[in-house]
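When we follow this note's numbering, the leftmost residue of the sequence shown carries the number 200, and every step to the right adds one. So the structure is just underneath, and the comments pick up after that.
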Amino acid sequence: MESKYETPIWFARYTYKGLYPLFGLYTFQDQAIYPSLIKAADGSTYAYAEKIAASGLTIDVPFIRMDRRFSLTLGYQYLKRAFIEESRNYEEKTIISTDASEKDEGTVWTRLSYFDGTVFRRSNSVEDGRLICVTTEKADPCLGGSLSRWRTLADWSEYVRNPRVKNHVLKLAGTYGFGHGDRTAQGMFGLGGFGDIISAKSPGMQRSITIRGYEANYQTGTRVAKLSSAYRFPIAGIWKGAGSAPFFAKQVFAEVFYEAGRTWDNEGKGDDLGWLHATGLECNFSMKLLRYMDFAPGLGVVYAPDRPKGGDDDDERWQFYISIKGSVNF
């Protein structure tokens, strides 16, 4: 498929499961947009867009038990960046911001995960129980590229069931990331957006942390924090196929959510940005295609109070959006 600037975006992954540990190869192409990265002398700001291409390999070492699971993943990734020229719309302006980096980056990374999801017997997703992931990444010129830095990102998700109602669950989650080393104008982490399917599929370090109602990279920095809660519940169970067609309808479910997050820089830049907040409702239809493809398209509405209000007929604080979850909730 194509992105906003007609840049092809795609993802491919191969995993060999014949032996333990599991070996994998992946490659993808994506784009990243920074809505206010370019600053002009007259105070106006402009978006910076870059094309990202990366390839890597992974080794996954699972430690499986019936009631909980640990897994250790090791990986290497080489990433290339390039400015998208068609996004340049400030030729007549005097630019005062620091140039964004187009340096390549070679990294090694490791992820340790813990999961004890045994709450729902009919679960098709990790979204029950407790899920903890800690990922650390090191970039160095000896690994390829030109950047030298390290980053760490920790995610903790708790899924608390409602014992009075079947398959009702409260999700409480927290994310914290920090880094050190070579700085770039793009920062080490970005905050905002509804979620990027390509980057979410990438096994490596996640750079962009989502907050619905704000553009991707609405804030950037060397540190990032996010807190969220969501009450998820089924609306209607279908559990029917469509004759001989490779399609199976599961259920319609919804969630009421609240999210908050912000970024900082180690040198104090961004300390005045404040927290971003968002609250809303999302409804999804979970289904299965071709036996193995579990996904749940949906519609949502979100209120983002920290966006500029805009005009009476164009209040960007209220937004409708389309979502595609990679796995079903129940």
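Cβ coordinates follow ideal geometry from the N, Cα and C atoms, glycine included.
Item: Give the single residue among V368, Y313, E301 and T309 whose Cα lies nearest to the Cα of L346.; Value: E301
Item: Classify S443: buried if its beta carbon has 16 or more other beta carbons within 10 angstroms, exposed otherwise.; Value: exposed
Item: With DSSP collapsed to three states, give me the class of S286.; Value: helix
Item: Nearest to G499 by CA position, among E515, L472, G378 and V455, is which residue?; Value: V455
Item: In this structure, how does DSSP classify P504 when only helix, strand and coil are distinguished?; Value: coil
Item: Leaving out five residues before and five after F269 in sequence, what residues of the same chain have Cβ atoms less than 6 Å from its Cβ?; Value: F262 and Y313
Item: Do the CB positions of G386 and G420 come within less than 8 Å of each other?; Value: yes
Item: When you compare only the Cα positions, how much space is there between A477 and G217?; Value: 44 Å
Item: Just list the beta strand (DSSP E) runs in the stretch 323 to 350, keeping only unbroken ones of 3 residues or longer that don't cross its boundaries, in chain order.; Value: 328 to 338
Item: Indicate whether Y247 and L236 have their beta-carbon atoms separated by less than 8 Å.; Value: yes
Item: Rounded to whole angstroms, what's the CA-CA distance from L278 to R329? Just pull it up for me.; Value: 32 Å
Item: Considering E481, what are the terminal residues of the beta strand (DSSP E) in which it resides?; Value: L475 to L488
Item: If you compare alpha carbons, which of K508, F519, L271 and D464 is closest to G376?; Value: D464
Item: Once the 5 residues before and after T409 are set aside, which same chain residues still bring their CB inside 6 Å of it?; Value: G392 and G394
Item: In its own chain, which residues sit with a C-beta less than 7 Å from the C-beta of V318, not counting the 5 before and 5 after it?; Value: Residue placement at V318 is flagged as unreliable, the pLDDT there being 47, under the threshold of 50; the coordinate-derived value follows with that caveat. Taken in chain order, the residues that qualify are D327, G328, Y358 and R360.
Item: Tell me, which residues are paired with Y233 by DSSP?; Value: Y247
Item: Answer with buried or exposed for T297, where buried requires no fewer than 16 other C-beta atoms within 10 angstroms of its C-beta.; Value: exposed
Item: Would you check if the distance between the CB atom of I437 and the CB atom of A453 is smaller than 8 Å?; Value: no
Item: Please classify Y209 as buried or exposed, where buried requires at least 16 other C-beta atoms within 10 Å of its C-beta.; Value: The sequence as given places Trp at residue 209; Tyr does not occur at that position. The residue in question, W209, is exposed, as its Cβ has fewer than 16 Cβ neighbours within 10 Å.
Item: Between the C-alpha atoms of W355 and E290, what's the straight-line distance to the nearest angstrom?; Value: 44 Å
Item: Based on the DSSP output, what are the partners of S427 in its beta bridges?; Value: A372 and E458
Item: Mapping DSSP to helix, strand and coil, what is A240?; Value: coil
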